[in-house]
Amino acid sequence: MGGHCLWDGTLSPNDFIASADDLTKKWMAINPNLPQWTWIPCQRMDVSCNAEGYLALENMYQLSASEVNAPTDDENYSAEEAPFDNATLIQSYNDDMHIYDFHIVYSFSYQVPVLYFRGYRCDGHPLHLCDIEKDLPPYSSKIRNESKWTFMTQEEHPYLCCPWYTLHPCGTSDWMKLLLGGDLPSKNPDMLHYLSAWLSVVGQTVGLRIPLELHDKSI
Amino acid sequence: MAESPSTSSSPSSERAGKILQFAPFQSLVDDGFWRRLSSLKLDTLGIDQSPIPITGFYAPCSHAQVSNHMTLLAESLPHDPSLRSSPTEMTRGNRNKCPVPGILYNTNTLESFHALDRESLLKAEAKKILEDIFSGKVEEDSASLSRFLLISFADLKKWSFRYWFAFPALVLDPPATLLNLQPALEAFNLEEAESLSAACNEWRNSSLTADIPFFLVSFASSSHVTLRPLKDWEACQVDGQKLLFGFYDPCHLPNNPGWPLRNFLAFISLRWNMEKICFLCYREKHGLADLGLSLVGEALVSPPQAWRDPQCVPKAVGWELKRGKLAYRTINLAESMDPERLAVSAADLNLKLMRWRTLPSLNLNVLAGVRCLLLGAGTLGCQVARMLMAWGVRKITLLDSGRVAMSNPVRQSLYTFEDCLNGGDLKAVAAARSLKHIFPAVEAEGIKLAIPMPGHPVPAHEADGVLDDCKHLQSLVASHDVIFLLTDTRESRWLPTLFCANLNKIAITAALGFDSYLVMRHGAGPLGCMSDSSNKVEDMSTVVAQVETSLTIGGDKGQRLGCYFCNDVVAPIDSTSNRTLDQQCTVTRPGLAPIASALAAELLVGILHHPNRIHAPGEIATSIMSNSEQPFGILPHQIRGSIPQFSQMTLVGYSSNSCTACSTTVVSEYRRRGMEFILQAINQPTYLEDLTGLTELMKSASSFKLDWDNETDDDADV
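Protein sequence lines, in the order shown, are assigned to chains A and B. When we follow the working numbering, the leftmost residue of the first sequence carries the number 125, and every step to the right adds one. When we follow the working numbering, the leftmost residue of the second sequence carries the number 38, and every step to the right adds one.
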């Protein structure tokens, strides 16, 4: 009957906020033991408006693959012996614990969510993409190499104004259209679950362990 | 409250017990801190080396396997460094960010960084802690017990930062001894434990107390637990309650408390004259008090009497170790901070996106590695250079003998008004400079050189200079992969064409008429590749052998495509009476140069991606809109266009055996006689025509002319 309105795979800013809330709750219900998503409202011109913001998942610890840590710092400096203090515990240093932060940010120009992420060592030194790739599980690199939808680049975080890694959003609306709008094009797609669906795909690319239940709309 | 803990094997004597060992603080510096320090240094501080008050942040341990850190963020640095005058100004934190005061000594040179007297800096901070203890400041602002020190050297040219934290701890002599230590769950009964958890969670959830890391835990006799700020000490004494001294413990270890306890114990014993101190190492999980992770213990502390002397400078430890050794740390942020690097990755990103989305066969490495020589830095040279940079080409050499004239900047896109002043800068040099201004990572070089031209005889005293120029040009051709012929005369194109034909280098010509243009790629050279430069004079037999080989090659691959001169039936000296392009034609419609230059660059990209490269056959555009197998489309030989018609066509022309520049005759003669041959061509106007038999050809052509004249009288066929 007439032309049905074909959904183009994008979502509106309001839908993003609603879907973010839904994702946060779902995640809490499924993964209470993992770090949680937090909504960070944004300051624009000193006005904090909850109407704009992003989702943050921070301090995901990841044991890196055993690193034969080639120290990039100059080890020429002759290290002195620490003065003996019997009240100081001698600790084993763990250079191989990496910390990851993930942000889900809405892109006004593409009208889709974009995943920003970064990794760093325990002392705060940022990880380069090649180091991050070593941390990712094998299925993730397979996806990144084979899929024409995934392209990792370094971009300026729109709110924090420093470089983060991101998955380029220009293909997102295309595959979201397939993912959510595929079966019944005439029916309006379920916008509330947009982010959960999106994250279940995108998360795999960056090795974020996404539980299957996230797909389940009954939760 | 269990008075004598059941689980530990505490000796009966109060003085026995092992030495209490504290887990040192670990630092975590977010790269935003370094960014902010860099801009502070560059914009505001300059060479000022005064110490800067900073704020660290930490929170109680929230993970059973990982300790929490003393974290520095961008906001750790003061918003306005003039607030140095009010160091008590503290950043308000939240439950995950307890603010801790610190001080930063950032030096201007590496030498002064190494020259800092670390011992006295540490002692100075320790003295401040001692003073705060006695003055009562700790009760007001307990986080000052954990004040820290940071020394750094920011190398803002290389974007590397050397830094070293110290977490000053007053050293007790004799050291504190541990009487017992156990998980908090085991130290209390169920009721007490529940009440304690509730009290802690309340403390943690209130914005008034969430970021206060030291507190009193008061056990009322009815097992009702409350958390009280340190300044309520007196009030708590009155009730005769059992008191525990609690603090946010960043450490996760089950057998050791974290560093903040060290100064806390010193404070408690000095301020309230206690020797036996019960403490709570508060740790949490998922934002709630975790009494399994948290520890309760009892320590014996006796501070040295000397500390009570106001002049005393206490002994302190606390420099952070790097992998167990006393050494500073370095972080290099050039990749994300150096603007030049950022420009490079942004430009690369653009091309990579192109490759990812539409052109998977785009070979960016080839483009980045190809060495391009541009002969001529005028309207064509400037524009070709820019187009090449847009394609990711990084190695560009420009050659021109002239200076920037006042009329140049409007048409020649690399020059500005400033380049014209004082007689005008050398074009090649100004062009290379301009390329670097646009994109600092380009490897651009400008060379002042006049290309020797045939038919322009040189006086004897200049012969050596011209010879040097020829050799110089030849070596430039040899050391590049692609040569663009972008000069404004026909004659100046001859020598480069010969060199390219001899060395089998990719040559692309662009030439402009008043309102028409030609862009073409030269065919491969006639004799195949030379193993070394052809300055060597060869004997006839070698040349003959090469000619024979080339004929075979020609046979296998089809005929060679022509060069710029192949189509001409005149030698390159006669530019007055024939209507070819380049007739001293420096007046052209402005739109032509950009169009022709863009086409020249696109043509090069096509060649570089073609499997046969210089040997690729010439293709013409067909009216059939076919989905070409080649992702870059067809690879034409010649493109001729005109603006009056807004039209363009692709043509193919084959090499001519009589070509004065690329024919077998000419190239082999050059190989045989080298520079001598070139000089003869330069000095003797008709030499090339004679050599190639063009003279003969013209004679026979004019002999036909008469017949044609007769025939035009007939008005037979039209």
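The beta-carbon is built from N, C-alpha and C at its ideal position, and this holds for glycine as well.
The CB of Glu372/B comes closer than 9 Å to the CB of Pro250, His252, Gln278, Pro287 in chain A, given here in chain order. In this structure, DSSP gives Cys537/B a helical state, which the three-state scheme calls helix. At a Cβ-Cβ threshold of 7 Å, Ala653/B and Leu640/B do not count as neighbours. Contact between Val514/B and Pro533/B holds: CB atoms are separated by about 7 Å, below the 8 Å threshold. Residues are counted here when their Cβ sits less than 7 Å from a Cβ of chain A; for the region 64-85 of chain B these are Ser64, Leu65, Val66, Asp67, Asp68, Gly69, Arg72, given in chain order. The beta carbon of Asn155/A does not come within 7 Å of any beta carbon belonging to chain B, so the residue lies off that interface.
According to the DSSP assignment, Cys419/B belongs to the alpha helix (DSSP H) that extends over 416-427. In the structure shown, Met276/A adopts extended strand secondary structure according to DSSP, grouped into three states. Setting aside the 5 residues that flank it on each side, Thr434/B is surrounded in the same chain by Leu410, Glu482, each with a C-beta closer than 6 Å to its C-beta; the list follows chain order.
Residue pairing by DSSP places Pro287/A opposite Glu280/A in a beta bridge.
Comparing alpha carbon positions, the residue from Arg378/B, Leu363/B, Trp428/B, Leu207/B closest to Lys389/B is Trp428/B. A residue is called buried once 16 or more other Cβ atoms fall within 10 Å of its Cβ, and Ile84/B, having fewer, is exposed. Only residues of its own chain outside the window of five on either side were considered, and among them Phe94, Pro136, Asp248 have a CB closer than 7 Å to the CB of Gly130/B, listed in chain order.
Pro376/B sits in a helix when the DSSP states are folded into three classes. As a beta-bridge residue in DSSP terms, Gln219/B pairs with Val333/B. Scanning its chain for C-beta atoms nearer than 6 Å, with the 5 sequence neighbours on each side dropped, one finds around Ile651/B the residues Ile543, Ala561, in chain order.
Not one beta carbon of chain B lies nearer than 7 Å to the beta carbon of Leu179/A. Under the rule that a run must span 3 or more residues, the beta strand (DSSP E) segments found entirely inside the region 120-198 of chain B read 135-144, 185-192.
Cys457/B: member of the alpha helix (DSSP H) spanning 454-457, first to last residue. Rounded to the nearest angstrom, the Cβ distance from Val229/A to Val236/A is 10 Å, too far for a contact under 8 Å.
DSSP assignment within the region 466-513 of chain B yields the following whole beta strand (DSSP E) runs of 3 residues or more, N-terminal first: 480-484. Taking the Cα positions, Pro262/A is about 18 Å away from Leu291/A. Residue state for Ala303/B is assigned as helix, using DSSP reduced to three classes. Pairing Gly643/B with Leu598/B gives a Cβ-Cβ distance that is not under 7 Å. The region 62-100 of chain B is shown to contain whole alpha helix (DSSP H) runs of 4 or more residues at 68-76, in chain order.
Rounded to whole angstroms, the gap between the alpha carbons of Asn157/A and Ala101/B is 12 Å. Within the same chain, Cβ atoms closer than 6 Å to the Cβ of Ala538/B are found at Gly562, Cys699, Val704, the five residues on either side in sequence being excluded. Assigned with DSSP and collapsed to three states, His222/A falls in strand.
Per DSSP, the continuous beta strand (DSSP E) segment holding Cys409/B begins and ends at 408-412.
Following the DSSP letters along the chain, one finds Leu233/B inside the alpha helix (DSSP H) bounded by residues 227-242. Residues of chain A whose Cβ lies closer than 9 Å to the Cβ of Ala213/B are, in chain order, Ala211. Here the region 54-62 of chain B lies against the region 213-222 of chain B, with 3 or more beta-carbon pairs under 8 Å apart. In its chain, beyond the 5 residues on either side, Arg132, Ala247 have a beta carbon closer than 7 Å to the beta carbon of Arg241/B.
Straight-line spacing of the CA atoms in Ala548/B and Leu523/B works out to 7 Å. Per DSSP, Arg709/B is one residue of the alpha helix (DSSP H) stretching across 701-710.
Excluding the 5 residues flanking it on each side, Glu177/B has same chain C-beta neighbours closer than 8 Å at Lys268, in chain order.
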